[in-house]
Each structure stands twice: as structure tokens, then as C-alpha cells.
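Right, one structure below, let's go through it.
Chains as they are written, first to last, in the working numbering: chain A, 28 to 259; chain B, 88 to 679.
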């Protein structure tokens, strides 16, 4: 994995400072969610320490380190999720959030009053309590990998309330956000070293395949590049 | 409130609104377009590389309607309490200049002529008793021959790429043999077939079907349209659906029409203008203008006009008619009224085939409008007699550019794990070596499937939300199941090592949590009878003749084809008759 070079920093600076990037749509509010130019060890801004330990462990179980390469933790999925909590999405500002909030059949969709920030706050506390209850008071982050997986599988299929969030709903929120962190542009804090894209063979922001429309099933030959110009 | 005056007001700056604004300014009218979203320019926010960010684009819905301000409520049946569609999922309306025409894919069909008179044709071939109880099967009251010049015009404005079958009665290419005759060639040759689509083309032909390259409003070569605006050649980057096209290759109102309109002093575009209602005279027979909310100043503004064009997204058109009192709201119990009647959708299911691991489908390479389809099971192209259902589906490989987040969340499919151990192996195989085949089909109209105003929920401006009462019906489920069964031999002929066939399940309820399609239709349908249609054959309100309602809201049934080509043709058709007939003698153009 190549570390961001000084060239990359200049590129990022140029891009982020350009009128096209900042002036339009919702860029202003997205600014906080973007990766800092010099990434040191990440300090979460939304999650507290206990939540952060849970999140790191859970993300890693959902997308584990294995023979294929790094897992969600070293790819920065927890950092991605923490940054997302301060976007309009995290605050529920992309959703219709007016009441009354009724119990309705599941096929009619999300009907809770909680934005993602609160789904995590309530969900993590209750899921960790569930882990402690079944594992002699040990928190989720302190369990071994197979026990953590077993807890997540319980949540995946359970209607049990975690705070006011059904367990399976909390799990799906966590699963989706983890995969977003693994596979989105590193601009948002995850997919470090573009390793998520490398796994799938997705070439990122190349976005020009004029000469590769039909090569009779041959693999596309080039590795990924990010929006900022980083390569794997 | 200060009242201002313009000749014509156009509500919504998507395809229909932009076409009407262009045509009416050409006719010499002063036109004000009111768009509730932001202005959007491809040169600015659609540029490379910042616009091709999947997270901000397709996942967080950069170009789509922000539901926090207004949404719809949904229930499956009349007896249920409807609840809000709180998070975008099943369908994705656009917002801002360009509307859904900015984030669409670009599949650009005409119409299957049989679909325009489906009721008449079904009765003629199978008898009236073939129509199931409760199905409101209706004709459009317009023929393909009448619409053909406007399909032709729209294709030339859109820079559509395609292969013809016949032109003026003579075979002119290897296009869709079920397609109706054309007066002229496509403006551009067909898009190339990506690998997956080329496999489908060979396999489908081997099975005995009639594959053709999809007509696409993605430019296969540089193009200058009749308005003098330019498109660049598509490079198969895969960022069509959900994105603005940084290559200027996908047709959009923003690229193909508005650059010429913006230079016209008779044209005014007001963005962040949320229309609250069309104002009517005391007898509700004439529109006097509209009242809109300026979302920046939070002031209500009254704008007067002689002519009001309602050309927002399909269900926003119906919503605005109901809020304004244009026409009689549909009542499914009494079976009276027309506004909200014949609300329709489309059936769509996506099946997947896996190829040997030596074959890479490179699913990220693609174009939204490109692919290969068969029409053997669309419209009335096959014998429905022994099957006992109405309708059909094109079947296609439409590799629009599979992005990693959506693919990863969707998972590897089949029985493979959706996370954890084993997930990566399965995901890699599916992403690198599989392809998808859709059955994208019709959906009929029913007496108890409709739109009205919700009794409980309101939008951010205090107006009642629109309520959808919708679920899948037996006729359409059986149609989907039948057509999907025809995909299996194609998959085998493609050399699939395994495949999964996805179809609607018997008694399946409409599920709002999963994306299906944004091709909603009906609710303000066109027709010959004011008892069963809200607008006449020129898309003119039967009740308020200086209001025209343009869009997929006019479709009496959900057809198998993608709707944009038909919406554009109907917009040009309506505009032509406004220009040549209505403006000379304003009033009803069809006597009820």
C-alpha cells in the first residue's frame, strides 16, 4: 500500500479548494466527513471509547481479515462510520422524520423516529449488554472472534429490542455502513490503500473504458485509482 | 404577496417541463419554469472526478428527492393505515433541474403500438371475459402513427443510439423485429455490446429469440442536436444511473435542451420554487396561475398565467392536481372520479448467471442505456390465450456499471453468506464472473390501486402527503413468473456454471425497502372518456382546459418498456397541438 505522497496532498488540496467541489449541493456539510490530508491514528468524534471498541470489533467480524487481505478495521470502516455520523445522513436529514411513528408491517419500511446516530447509540449499548449477559460480563470487544460472530448472528435474526431498535435492524445498519466504509472512495475515511476495490477488481475513478467494452471475457488489466489520484 | 404575470407557467424542469418550455418559447410565449430543487449544471457539479463518488451519488442520493421535506405514504390495501416512505429505496424520484432526466440511465424506447390500445386489442384477440375482474384496462386514445413524428423528434434531440429494423417499410438493419416502423434512422448507430450483452445476444438467438441492441440515449459518437447543443461519445464509464454524465454522453434536459433555452429572453427559470397549488377561478374551470413557496425567502408568491403546464414527476403531478382541485378525485368504492385512478408501476426482477472463473464480466464497464434485449415476451408479441394474463416483459442484459458498494450490500446472492466468513470468496466470484438478466415488465391498473391525499401526514409546508395504495396482483405476478421461465434456456446457452432465477412470488406484497424501479405511472391518465381519464388525448385536463398534465402520469397501464421515450414523445405531441390548435383558440380540444 502506498502512503499518500506529498503529490497527493497537493492534489487533494487543489481539488478540495476548487469552487466546483465546494460551492454546490451539500458539499459544505460533507466537509467534516472527509478524510484529513494527514491521517494519523484516528480519534473518533462521535462514538465514545466503549462504543468505539464495539464498533471496531463488529466491523471486523462483518468483513474479516483473511487470506484475501485486510478486514474492515484496517480498511478504516469504523473511521468511515464515525465520520458519517456528522453528515446529514447521520443526523437523519435525508429521511422523512415527522410523526406519528406507527407500528407497520416490515415491508412498508423504516418507521422509527431515530436517525443513524441514535440507532448506533442505543443499538451498541444494548448489543454490548446482550454480549455481557451471555458471556460472564465480558464486553463484545473482549470476546474471541467466534463468540463475536455468534452474537452478531443472534442479532441478525432477532426481533429483540436494542433500546427501541429491533436487533436485526441494528445489525443491518451496521452491515451496510461497514460495507460502505470498505468500498467507498477513501475520501470518506475507509477503503484505505484502496484494498476494498483491489479485492473486487473495481478500478475506482478510472471511469473510461472505451477500449475495453468487449475484450471477450479478459480481466480488466489496471488497478484502482481514487478520486484524489491515489493508486493501490 | 405580489402577483406577476407570464404567458405560460411550467411546473418542473425535467424532460417534460423542458420540452414544453422549449416548444412554447418557440411559439413566442413568455414561459416561467418553476423548479423546487436546485439548479444543476453538469459542467459544475457533474465534473470528473468529484461527481463519480458512489457514496455521495447512488448511495446517499445526491441527485434524488430529499424526503425530509416531502414524501408519500404507502399501504398495500385499502383497509390498511398508510405509513410514510421515510427512506428512499423502492423508487427514486429526482429533484432539481433535470429531474429524473438527469439521473436516469438512458434506455430510450418508443412504444409497442399494441400497448396504446391494449383494451381494444385484448378484447379483439381474446374476448372481453379475458380481462380479470377489477382490472381497469384502457386505451390511450392516440395511435403510434400519430406519435411517430414526435418519437423521431425526441430521438434527434436526445442523440439516441440504436439499430433500426424497418424504415419506411423497408428492412434497414438488425434491430428489434417487433419494433414499429420508423420514418427515419436513429441519429447515431447503436452502442457497442459489452461482453455480457454480446453473450446474451448469441445465446438468445441460439434459443430462437430475436435479440437486438437496446436503443440508448447514450451517444455512441459525437453529436450535435437540432438545438445546437453537443454531446461527447460515451466511454462506458458506468456512471449513468444516479449520476450526471461527466462525458456529456447521456441525454438530459440539462445538456440537451436547457443550454438553448437559457439564452432565450422569453424563458425564465426559478429554482427553489415549490408550487403549493394551481390557482383556479371560482368555478374551477380555468387556471389563473400558481402559488409557490420561495424556499429561500420562505415567502409565498403568486404568479399569473394564461396556460399552466403540470410537468413534475408522475406522482407529483397527481398530488398537485388533488391539492389544487383540478378534476374529481378518484373514489375506488363508488368508482367515480379520475384523479388518482389507474396508478401503476412496473414489474422487475433481476436474475443472475455465473460464468466459469476464466471469464471476467467486468461489470463496472457499462452504459445505462446500452445492452441487448429480446421482445419475444413483451406486449402482445406472443399468444396470451393459454396463459391467461395480460401484459409482458422485455428481457435484457443492461450492464449499466455495477459499483462496489451497491454490489457488496446486495451480497453475492444465492445461499452465500451476506457477511463474515465466506463472504469475500463469494463476493469476488459474483462481482468478477457473473452477469444479470432483467425481466422488466408491465403492470396493469386495478380498481383498488390508486392515489389520494393522506388523512394524517403532511409535508414540511403543511400540505397533506400523497397516499399510494399499491400491491402486486395475480395477473402481473403470473406474467413475471412466465417470462422469467424463458430466461433459463438463455442462461444455459450462455454457458452459465450456475444461475439464480428471481421472480415475483405468488401473493407477494409490494416491499418499499428494496429498489425496484422508478417507473411509476398513471394517476392522471389520458383517454377518450372523461369518466375514466383525467386528461384528453392531447394531455389537456378535461375539467380545466388551460391546464395540461404531461408525464408518465398519463399512462393508463405500466408498459414493459422504460417510460422516458414515451414521456418525451407525448410532451412533443401535446406541445405540437397546443401550438397549432390550442393557442389559436384556447379551450377544450376534445368535446367530451
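Where a beta carbon is used, it is the ideal one built from N, C-alpha and C, also for glycine.
Bounding residues of the alpha helix (DSSP H) (the contiguous stretch that carries residue i)
i                      : result
residue 376 of chain B : Run containing residue 376 of chain B: none in the alpha helix (DSSP H); it sits in the beta strand (DSSP E), 374 to 381.
residue 265 of chain B : First-last for residue 265 of chain B: undefined, no H or E at that position.
residue 340 of chain B : 340 to 343
residue 386 of chain B : No alpha helix (DSSP H) holds residue 386 of chain B; the beta strand (DSSP E) holding it covers 386 to 397.
residue 104 of chain B : 102 to 113
residue 635 of chain B : Segment 634 to 636 is the beta strand (DSSP E) holding residue 635 of chain B; no alpha helix (DSSP H) there.
residue 576 of chain B : 575 to 580
residue 312 of chain B : Run containing residue 312 of chain B: none; DSSP gives neither H nor E here.
residue 492 of chain B : 491 to 497
residue 680 of chain B : Chain B is shown only over 88 to 679; residue 680 of chain B falls outside these bounds and no answer can be derived.
residue 89 of chain A  : 76 to 89
residue 202 of chain A : 194 to 210
residue 289 of chain B : 282 to 294
Assigned secondary structure, residue i (DSSP; H/G/I helix, E/B strand, else coil)
i                      : result
residue 435 of chain B : strand
residue 215 of chain B : helix
residue 590 of chain B : coil
residue 562 of chain B : helix
residue 514 of chain B : helix
residue 68 of chain A  : coil
residue 125 of chain B : coil
residue 521 of chain B : strand
residue 607 of chain B : coil
residue 452 of chain B : coil
residue 254 of chain A : coil
residue 423 of chain B : strand
residue 166 of chain A : coil
residue 441 of chain B : strand
residue 187 of chain A : coil
residue 147 of chain A : helix
residue 163 of chain B : coil
Beta-carbon proximity list for residue i, same chain, < 6 Å, skipping 5 on both sides
i                      : result
residue 346 of chain B : 316
residue 442 of chain B : 520
residue 188 of chain B : 101, 102, 339, 340
residue 176 of chain A : 88
residue 618 of chain B : none
residue 170 of chain A : 162
For residue i, the first and last residue of its enclosing beta strand (DSSP E)
i                      : result
residue 180 of chain A : Here residue 180 of chain A belongs to no beta strand (DSSP E); instead the alpha helix (DSSP H) covers 172 to 183.
residue 672 of chain B : Neither: residue 672 of chain B is in no beta strand (DSSP E) and is coded neither H nor E.
residue 115 of chain A : It is not in any beta strand (DSSP E) - residue 115 of chain A carries neither H nor E in the DSSP assignment.
residue 459 of chain B : 459 to 461
residue 483 of chain B : 482 to 484
residue 366 of chain B : 360 to 367
residue 354 of chain B : 354 to 357
Presumed contact (8 Å Cβ cut-off) between residue i and residue j, rounded CB distance
i                      : j                      : result
residue 393 of chain B : residue 95 of chain B  : 7 Å
residue 151 of chain A : residue 506 of chain B : Residue 151 of chain A to residue 506 of chain B, Cβ: 17 Å. No contact.
residue 609 of chain B : residue 640 of chain B : 6 Å
residue 377 of chain B : residue 552 of chain B : 20 Å between Cβ atoms; not a contact.
residue 486 of chain B : residue 458 of chain B : 6 Å
residue 304 of chain B : residue 195 of chain B : 4 Å
residue 208 of chain A : residue 225 of chain A : The Cβ separation is near 15 Å, so there is no contact.
residue 114 of chain B : residue 666 of chain B : 5 Å
residue 231 of chain A : residue 253 of chain A : 6 Å
Own chain residues within Cβ distance below 8 Å of residue i, not counting five before or after
i                      : result
residue 139 of chain B : 324, 326, 330, 333
residue 70 of chain B  : This structure cannot settle anything about residue 70 of chain B, because the visible part of chain B is limited to 88 through 679.
residue 208 of chain B : 201, 467
Residues near residue i by beta carbon distance below 7 Å, same chain, minus five either side
i                      : result
residue 313 of chain B : 243, 244
residue 402 of chain B : 159, 538, 553, 607, 610
residue 605 of chain B : 178, 179, 180, 187
residue 128 of chain B : 341
residue 118 of chain A : 142, 144
residue 53 of chain A  : Low local confidence applies: a pLDDT of 46 at residue 53 of chain A is under 50, so the model's placement there is unreliable, with the coordinate-based value given in what follows. Counting only Cβ-Cβ distances below 7 Å, and skipping sequence neighbours, we find 115.
Using a Cβ-Cβ cut-off of less than 8 Å, give me the residues of the region 238 to 252 of chain A that come near chain B, in sequence order. 239, 240, 241, 242, 243, 244, 245, 246, 247
Of the residues that make up the region 206 to 217 of chain A, which ones have a beta carbon closer than 8 Å to any beta carbon in chain B? 206, 207, 209, 210, 211, 212, 214, 215
For the region 578 to 597 of chain B, list every residue whose C-beta sits within 8 Å of some C-beta in chain A, in sequence order. 596, 597
Mind checking the region 92 to 111 of chain A against chain B and listing, in chain order, the residues whose C-beta falls within less than 7 Å of any C-beta there? 93, 95
What are the residues in the region 130 to 148 of chain A lying within 8 Å of chain B by C-beta distance? 131, 132, 133, 134, 135, 136, 137, 138
For the region 454 to 483 of chain B, enumerate the residues whose C-beta is nearer than 8 Å to any C-beta of chain A, in chain order. none
Under 7 Å, CB to CB, which of the residues in the region 169 to 202 of chain A have a partner in chain B? 176, 202
Within 9 Å of chain A by C-beta, residues of the region 524 to 551 of chain B in sequence order: 543, 544, 545, 546, 547
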